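Residue numbers (this note's numbering), protein chains in the order written: chain F, 1 to 82; chain B, 1 to 440.
Glycine included, each C-beta is placed from N, C-alpha and C at the ideal position.
Being a predicted model, the structure only gives us computed values, none of them experimental.
Beneath this line is the structure, given in structure tokens, with notes to follow.
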């Protein structure tokens with residue numbers, strides 16, 4: 001199965017993927033973020049997923065109310081809600 | 001050991017403090033770094049979920065974690081769900097009174113014009129264990145196990161993942177895999193798909209196996225900016241049909257509902273998703289953005305956008321508004337109903353969750369310290385609206401969405417005639433989530 005998006009979603013996905021990829025692989029620009037410059041990054045709130053409580057509730061709600069899943073993590077529980 | 005960026009400190013003092021923090025943190029796994037104020041952590045939450053005229057859920061969750069001196073971390077999570085209310089059967093509303101039989105054998109009368117629903121109640125108990133172990137200074141492994149039980153569904157699963165920090169911890173690569181061996185035990189037995197509901201399969205317990213995998217990259221872009229890219233896949237095998245859902249039969253002449261069949265879905269499903277996330281620290285506040293693209297071989301395709309903004313207030317309090325929008329194209333076998341007398345398709349489902357669904361969410365979280373109580377309290381209220389895209393509106397692209405409100409898949413009736421029997425009104429949902437986290 002190939003991963004193809006609808007025409008309407010392709011520009012958004014492409015733009016975001018390019019932004020992310022350019023940041024992810026464009027290594028040189030980030031090398032100036034020294035360990036002693038990471039006070040902001042060390043905050044709990046600076047995580048991609050800062051609240052286990054909220055993300056756990058959201059995963060359960062959207063898994064049971066929509067036709068899609070995925071995006072972060074593996075495993076977890078199934079339920080008869082979907 | 002976290003620094004408060006909002007505190008008014010001198011530049012030199014700030015940098016020295018941050019350097020000390022970084023040096024101390026270097027010896028700890030990054031997952032444990034920000035939580036190292038105590039050996040134990042408790043996260044508790046209570047979710048109240050209510051759909052207007054439909055289902056409601058009461059879900060308390062408790063998670064306790066222990067951080068050991070050697071960097072290992074063990075967590076246990078326990079949840080209970082009490083689910084009750086009315087669930088749509090998938091049948092179409094009718095201009096006449098409808099009578100249907102529930103899985104437990106009760107006869108239900110549906111008023112003319114009403115969306116057919118069935119009352120239900122279930123209790124779900126779930127337990128999860130997670131163990132994180134440092135493999136080296138820059139690598140850590142996570143193993144999880146899961147068990148949950150409800151009266152018609154049993155779930156057992158586990159996963160393993162490994163995270164590797166590179167380039168002075170500016171880049172983290174995570175790879176993982178999981179398996180689930182679930183069982184579906186429909187109340188009243190397993191009905192034959194696309195049957196009249198009286199024909200039963202011999203199997204009372206139906207296996208559903210799930211394997212999943214993910215590969216993720218998290219990257220520090222600047223001192224204020226973190227981005228992540230995660231790709232995941234999931235392969236499902238076994239009984240994937242919703243055992244209580246039905247599909248209406250519509251008379252092609254009168255346009256009235258003339259009967260119903262049980263739904264039937266394929267017994268395999270391959271899902272793929274790609275998610276891009278960004279976390280950006282402004283002078284004090286934080287902006288979270290994410291976008292997920294999803295596709296599966298049932299031809300469900302979706303886009304999800306999510307925006308959160310954390311306003312830092314005084315005394316560690318914060319406000320976090322949240323907006324989310326989800327748009328999905330229908331599964332290839334989604335129908336609003338089937339035309340009576342026409343040959344049956346291989347698969348059919350009228351479950352709106354496989355239709356051209358849209359979900360809009362608006363929410364607000366308030367976080368604060370409660371007086372002398374240690375830890376953080378958070379209160380979140382959200383409103384969700386779900387609806388099916390207009391079959392003739394501009395939302396569809398002439399493809400799957402053309403089926404949105406009408407009986408379009410099997411049969412020869414025209415769309416104009418069949419949209420008149422559509423009738424899935426928007427669903428209004430309110431949720432309240434109270435959370436408490438503390439290190440001790």
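| Query | Result |
| --- | --- |
| By how many angstroms is the C-alpha of residue 337 (chain B) removed from the C-alpha of residue 254 (chain B)? | 14 Å |
| Considering only the alpha carbon of each residue, which of F:40, F:79, F:73 and F:81 lies closest to residue 216 (chain B)? | F:73 |
| Could you pull the start and end residues of the alpha helix (DSSP H) that residue 63 (chain F) belongs to? | 52–65 |
| Specify, as a first and last residue, the run of the beta strand (DSSP E) that residue 96 (chain B) falls within. | Where residue 96 (chain B) is concerned, there is no enclosing beta strand (DSSP E), given that its DSSP letter is neither H nor E. |
| Per DSSP, residue 384 (chain B) is paired with what? | B:361 and B:429 |
| With H, G and I counted as helix, E and B as strand and the rest as coil, what does DSSP make of residue 345 (chain B)? | coil |
| Select from the stretch 107–125 of chain B all residues with a C-beta closer than 8 Å to any C-beta belonging to chain F, and list them in chain order. | 122 and 124 |
| Decide if residue 40 (chain B) is buried, meaning its Cβ has at least 16 other Cβ atoms within 10 Å, or exposed. | exposed |
| Along chain F, in chain order, which residues have C-beta atoms closer than 7 Å to that of residue 152 (chain B)? | 80 |
| Among all the DSSP beta bridges, which residues are the ones paired with residue 73 (chain B)? | B:67 and B:132 |
| Is there a C-beta anywhere in chain B that falls below 9 Å from the one on residue 59 (chain F)? | no |
| For residue 148 (chain B), tell me which candidate among B:165, B:160 and B:81 has the shortest Cα-Cα distance. | B:81 |
| So which residues of chain F does residue 442 (chain B) contact, with C-beta pairs closer than 8 Å? | Past the edges of chain B, shown from 1 to 440, lies residue 442 (chain B), and the structure says nothing about it. |
| Quick check: what's the CA-CA separation for residue 36 (chain F) versus residue 272 (chain B)? | 38 Å |
| Beta-carbon of residue 147 (chain B) versus every beta-carbon of chain F: anything under 9 Å? | yes |
| Can you give me, in chain order, the residues of the stretch 63–75 of chain F that have a beta carbon less than 9 Å from any beta carbon in chain B? | 64, 65, 66, 67, 68, 69, 70, 71, 72, 73, 74 and 75 |
| Look up residue 52 (chain B) in the DSSP assignment and say whether it is helix, strand or coil. | coil |
| Hey, could you find the ends of the beta strand (DSSP E) residue 236 (chain B) is sitting in? | 225–238 |
| What's the C-alpha gap between residue 41 (chain F) and residue 304 (chain B)? | 26 Å |
| I'd like to know if the stretch 307–317 of chain B and the stretch 249–266 of chain B are in contact, where contact means that at least 3 CB-CB pairs between them fall below 8 Å. | no |
| Span of the beta strand (DSSP E) holding residue 286 (chain B)? | 286–296 |
| Shorter than 9 Å from the beta carbon of residue 220 (chain B) to some beta carbon of chain F? | yes |
| Note down, in chain order, all residues in the stretch 312–329 of chain B with a beta-carbon under 7 Å from any beta-carbon belonging to chain F. | 326, 328 and 329 |
| Got a sec? Which residues, its chain only, sit under 6 Å from residue 128 (chain B) by beta carbon, not counting five neighbours each side? | 77 and 146 |
| Residue 70 (chain B) versus chain F: which residues are under 9 Å apart at the beta carbon? | Those do not exist, as residue 70 (chain B) stays about 22 Å from chain F at its closest Cβ, beyond 9 Å. |
| Mind checking which residues open and close the beta strand (DSSP E) that includes residue 147 (chain B)? | 139–150 |
| List the DSSP bridge partners of residue 379 (chain B). | B:366 and B:434 |
| What would DSSP say about residue 310 (chain B), mapped onto helix, strand or coil? | strand |
| Specify, as a first and last residue, the run of the beta strand (DSSP E) that residue 322 (chain B) falls within. | 318–329 |
| For a contact meaning CB atoms closer than 8 Å, what does residue 435 (chain B) contact in chain F? | 51, 53 and 54 |
| Rounding to the nearest angstrom, what Cα-Cα distance links residue 133 (chain B) and residue 71 (chain B) in this structure? | 7 Å |
| Which whole-angstrom value is the C-beta distance of residue 236 (chain B) and residue 263 (chain B), which I expect to be below 8 Å? | Wrong, their Cβ atoms sit about 16 Å apart, outside the cutoff. |
| Between residue 354 (chain B) and residue 67 (chain F), which are expected to be in contact by the criterion C-beta below 8 Å, what is the C-beta distance as a whole number of angstroms? | 5 Å |
| Quick one, are the C-beta atoms of residue 48 (chain F) and residue 220 (chain B) less than 9 Å apart? | no |
| Per DSSP, residue 243 (chain B) forms a beta bridge with which residues? | Answer is none; residue 243 (chain B) lacks a bridge partner. |
| Rounding to the nearest angstrom, what Cα-Cα distance links residue 335 (chain B) and residue 111 (chain B) in this structure? | 22 Å |
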